[in-house]
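Chemist: Heads up: the sequence shown begins at 1 in full-length UniProt numbering, then just goes up one per residue.
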Amino acid sequence: MMSTLLNNLSFRNSVRGYAKVSDGSIIILRAAIVDVIPSQVSSPFGVEFNVNFIVGISSRPSERALNEVKDKPILEPGKQVNEGWIELEIDDKVSAYEEVIYKDAKIGEYLIRLEIEPIMASKNTQFKMQQGPLYALRYTPKISWHKIGEKT
């Protein structure tokens, strides 16, 4: 049972994306599909899937952004910050995506794609991280799939 659960996904493509924000910094993002579970066998799209995923971000702050927070305290691990956020414009962006092949003896093989599009960005003005400003990124997931190995 455990080997079936762990061997039903093969990872095909994973591409990082980014958001260049109005303070000159670049926020890198990565999407990762953790698990895929068929949820419905019959629908207008064939099989329906629940796709469990995570998204990670990393920032490459501009000199200007680093100078803005140089005298701010470092945020303590585990502490939540609710105040001091300012919205940043996204000047340029490229979505991150990951593609996997899901295999199941009963329903066949599917190429499943998760695309993460950055849509909003924010920066905290009261605290900083070790490497610079504290950023938050809002994104929208786009999930699609199609059966492979069959002609239509």
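All C-beta atoms, glycine included, are put in the ideal place defined by N, C-alpha and C. Please read these numbers as outputs of a predicted model, since none were measured by experiment.
Could you give the DSSP three-state label for residue 52: helix, strand or coil?
Modeler: Reading the sequence shown from its first residue, position 52 is the one you call residue 52. Here residue 52 sits in strand by DSSP.
Chemist: Quick one: what does DSSP say residue 117 is sitting in, helix, strand or coil?
Modeler: On the sequence shown, residue 117 is found 117 positions in, with the first residue counted as 1. Note: residue 117 maps to strand in three-state DSSP.
Chemist: Any chance the region 100-113 sits against the region 61-79, with 3 or more Cβ pairs inside 8 Å?
Modeler: No, because fewer than three Cβ pairs between the region 100-113 and the region 61-79 fall closer than 8 Å, the two stretches do not touch.
Chemist: Curious, which full-length alpha helix (DSSP H) runs of at least 4 residues does the region 50-132 contain?
Modeler: Complete alpha helix (DSSP H) runs here, min 4: 63-68.
Chemist: In three-state terms, what does DSSP make of residue 13?
Modeler: Numbered from 1 along the sequence shown, position 13 holds the residue referred to as residue 13. Residue state, collapsed to three classes: strand.
Chemist: Which same chain residues, not among the five before or five after residue 39, have their C-beta less than 7 Å away from its C-beta?
Modeler: Residue mapping note: residue 39 aligns to position 39 of the sequence shown, counting from 1. Around residue 39: 48, 49 and 50.
Chemist: Out of 117, 146, 107 and 81, point me to the one whose CA is closest to residue 135's CA.
Modeler: Within the sequence shown, the letter at position 135 stands for residue 135. Among 117, 146, 107 and 81, the Cα nearest to that of residue 135 belongs to 81.
Chemist: Just to confirm the assignment, what range does the beta strand (DSSP E) spanning residue 44 have?
Modeler: Residue mapping note: residue 44 aligns to position 44 of the sequence shown, counting from 1. Element bounds for residue 44: n/a, residue is neither H nor E.
Chemist: Of the residues 11, 129 and 141, which one's Cα is nearest the Cα of residue 71?
Modeler: Walking along the sequence shown from the start, residue 71 turns up at place 71. Residue 129 is the option with its Cα nearest to residue 71.
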